[in-house]
Amino acid sequence: MGQEKNFIPALKYDWLTKFYDPILQLTMPERKFKRALIDKMSIEPGYRILDFGCGSLTLSIMAAQMYPEAEYYGVDIDEKILSIASQKIKAANQHIMIQHYDGTRLPYPDNYFNRVMSSLVFHHLTLRQKYKALDEIYRILKPLGEVHIADFGRPANVLQRIGFYGAQLLDGFETTNDSVKNALPKAVRETDFSDVEENGVFKTLFGTVRLIKGVKPGKTIL
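Under our numbering, the letters of the sequence shown match residues 13 to 234, in that order.
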């Protein structure tokens, strides 16, 4: 008997993972909202950037091409999609350090990153897992570091709500109902991030993607 997974693959089923990139490109304005997320991050030379739940690494590769003087890291719980990410790093001729983790404690020291970014990850997590992930992101961010998240949120209208049912049927209602309730901004605030704001909205075939920013309070650590 195979070991039971403690995570939901990017498209729910392992056999669909290899099709993740083309499916996302066909069904969502992926590069548009990821470009917007990167633009909001104010990346500077020498910054350490973590892509949380990096998946196939599209977001990190885009950021590295736009801001090559920063350091990029990716972490994900799914070893299969990390193998795809590794191939994409080579094809893009980028130096991005990727790592597998167990879904609990991120394998990085406290106060290490200037920015943490995440795209279409949190709707896969239960509410408890969302808070745990945000706690870990808070821990590894430097004071005044920022978290930037792109994920499904409150549907912008009735048609967007109908479209999001498709995502819920694929990803499950337990985790995605939090998106309908727009629970993520509240979770970011309750993890002690300050200046929490929604700074982007994108309508897609499968619902409304919202961009969320939070800042870790404190004084700058060099």
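Idealized CB from N, CA, C, for every residue including glycine.
{"Item": "Below 6 Å CB to CB, which residues in the same chain sit around Met13 once its five sequence neighbours on both sides are set aside?", "Value": "Confidence is the limiting factor: at Met13 the pLDDT is only 31, short of 50, which leaves the residue's position unreliable and the question unanswerable from this model."}
{"Item": "Measure the C-alpha to C-alpha separation of Arg117 and Tyr124 and round it to an integer number of angstroms.", "Value": "14 Å"}
{"Item": "Going straight from the alpha carbon of Val200 to that of Val208, what length do you get?", "Value": "7 Å"}
{"Item": "Could you tell me the distance, in whole angstroms, from the CA atom of His160 to the CA atom of Gln99?", "Value": "25 Å"}
{"Item": "What would DSSP say about Leu118, mapped onto helix, strand or coil?", "Value": "coil"}
{"Item": "Between which two residues does the alpha helix (DSSP H) holding Leu153 run?", "Value": "Note, Leu153: premise wrong, no alpha helix (DSSP H); beta strand (DSSP E) at Leu153 to Phe164."}
{"Item": "Just reading off the alpha helix (DSSP H) that Glu186 is part of, what are its end residues?", "Value": "Phe185 to Val192"}
{"Item": "Any idea if Ser206 is buried or exposed, counting beta-carbon neighbours within 10 angstroms, 16 or more meaning buried?", "Value": "exposed"}
{"Item": "Do Leu139 and Asp163 have their beta-carbon atoms positioned less than 8 Å apart in this structure?", "Value": "no"}
{"Item": "DSSP on Ile61, reduced to helix/strand/coil?", "Value": "strand"}
{"Item": "Under DSSP, the beta strand (DSSP E) around Met129 begins and ends at which residues?", "Value": "Phe125 to Ser131"}
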